[in-house]
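Each remark here refers to the structure printed beneath this line.
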Amino acid sequence: MDRSLVCLLAVTGVVVGGASLLAPLPVEAQSAPRRAALPPEQAAVADLDLSFQSIFSDVSKTKPRKMKVRNPDGTYREVALKPEFGVTRVESALKGHGLLGAHASDRPARERLARVRSGWHVMVSCLHNGGKALNPAAMSKDVLTWEEGLPRDWDTGIAKGSFAEITRLGRSSRKVNGWYVEARAVRMSKRDCLSCHTWGKLGDPVGIMVYAVRPKNSPSKASR
Ligand code: HEC
12 MDRSLVCLLA VTGVVVGGAS LLAPLPVEAQ SAPRRAALPP EQAAVADLDL
62 SFQSIFSDVS KTKPRKMKVR NPDGTYREVA LKPEFGVTRV ESALKGHGLL
112 GAHASDRPAR ERLARVRSGW HVMVSCLHNG GKALNPAAMS KDVLTWEEGL
162 PRDWDTGIAK GSFAEITRLG RSSRKVNGWY VEARAVRMSK RDCLSCHTWG
212 KLGDPVGIMV YAVRPKNSPS KASR
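Under the numbering used here, think of the first position of the sequence shown as 12, with each following residue one higher.
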């Protein structure tokens, strides 16, 4: 489908308040059988990664747009949405800044995160070089969700220590203090990415997501 039409549908989906028909159904459908075969901690991380990757790949957020929003009295007003880049796109989706469901990728992502959080303690970080080519010696990190219980370098440790594996194979995992930690590459998945990230080519890594999960009903390290 034409991308501008998809964006239009996404926006009108909000206007009519309907459950969005175009949300991430295909992604869910594809990943469900594969997820079922995974050990539970890996399935939880796969769910988290689906959410964050879908937000990163939603380039509609990088453009200024206007959206119609329904007032309580039934009339509509037009709201300008600011462009959002990099991790800001993810943060605003998680916090529900602005308008609920303003982007096709946000609502399912938030719902999936809430579902995982109901059974797991969850920590999520993004490591990157501000949209430039990844350089493990100088990566900054944005912590997206945080809980007690892991050493300070839980995310930088794996991202730097397994950098080659993550950027080549797409992922790396380890166990730390009873948590399952998995790092995943964020790649330039669309030609659109290259219009701003002009240094690279399709498929190049531009960020590393690091996820840590621990089942809510498991004893913490202290009581083991
Ligand atoms: C309209 C321009 C634009 C497009 C298109 C774009 N980006 Fe970016 N991206 C940026 C800018 C600007 C930054 C730096 C943001 C910052 O550091 O505040 C950035 C940063 C990032 C980062 C690092 C995190 C961060 O906050 O610095 C990742 C990861 C990223 N982009 C992924 C992508 C992917 C994947 C695509 C394509 C699916 C994409 N971007 C498309 C402009 C863009």
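C-beta: ideal position from N, C-alpha, C; glycine also.
Between the CA atoms of residue j and residue i - distance to the nearest angstrom
| i | j | result |
| --- | --- | --- |
| C207 | D215 | 13 Å |
| G85 | E176 | 53 Å |
| L49 | T99 | 30 Å |
| A233 | F96 | Low confidence applies here, because A233 scores a pLDDT of 47, under 50, leaving its location unreliable and the question unanswered by this model. |
| L145 | M78 | 34 Å |
| R225 | A54 | 12 Å |
| K93 | F63 | 20 Å |
| R128 | R182 | 22 Å |
| K227 | S184 | 20 Å |
| R76 | N188 | 45 Å |
| L180 | I169 | 14 Å |
| G130 | E52 | 10 Å |
| P5 | A149 | Absent from the model: residue 5. The displayed extent of the chain is 12 to 235, so no value can be given. |
| F174 | L161 | 20 Å |
| H139 | E193 | 16 Å |
| Y87 | R81 | 5 Å |
| K72 | A115 | 10 Å |
| A223 | K171 | 16 Å |
| V217 | P147 | 11 Å |
| E158 | A125 | 15 Å |
| K186 | D164 | 13 Å |
For residue i: DSSP bridge partner residues
| i | result |
| --- | --- |
| W165 | None, per the DSSP bridge assignment. |
| H132 | R225 |
| M220 | C137 and R195 |
| R182 | R195 |
| L92 | R76 |
| T156 | V135 |
| R81 | Y87 |
| V187 | W190 |
CB of residue i within 9 Å of CB of residue j, strictly
| i | j | result |
| --- | --- | --- |
| V56 | R195 | yes |
| T241 | I219 | Nothing about residue 241 can be reported from this structure: the residues present for the chain run from 12 to 235 only. |
| H132 | W210 | no |
| C137 | D117 | no |
| R121 | L105 | yes |
| D166 | V221 | yes |
| L61 | V135 | no |
8 Å Cβ shell around residue i - same chain, five flanking residues per side excluded
| i | result |
| --- | --- |
| K212 | M199 and L205 |
| S151 | L138, H139, N140 and G141 |
CB contact below 9 Å: residue i versus chain D
| i | result |
| --- | --- |
| A194 | Within the model displayed, chain D is absent; a lone protein chain is all it includes. |
Own chain partners of residue i with C-beta closer than 6 Å, once the 5 adjacent residues on each side are dropped
| i | result |
| --- | --- |
| S15 | Residue placement at S15 is flagged as unreliable, the pLDDT there being 42, under the threshold of 50; a coordinate-derived value is accordingly withheld. |
Cut-off 7 Å between Cβ atoms - residues of its own chain near residue i, not counting five sequence neighbours on either side
| i | result |
| --- | --- |
| K143 | W210 |
| K74 | P94 |
Does the region 189 to 204 come close enough to the region 66 to 78 that 3 or more CB-CB pairs lie under 8 Å? Output reads yes: the region 189 to 204 touches the region 66 to 78.
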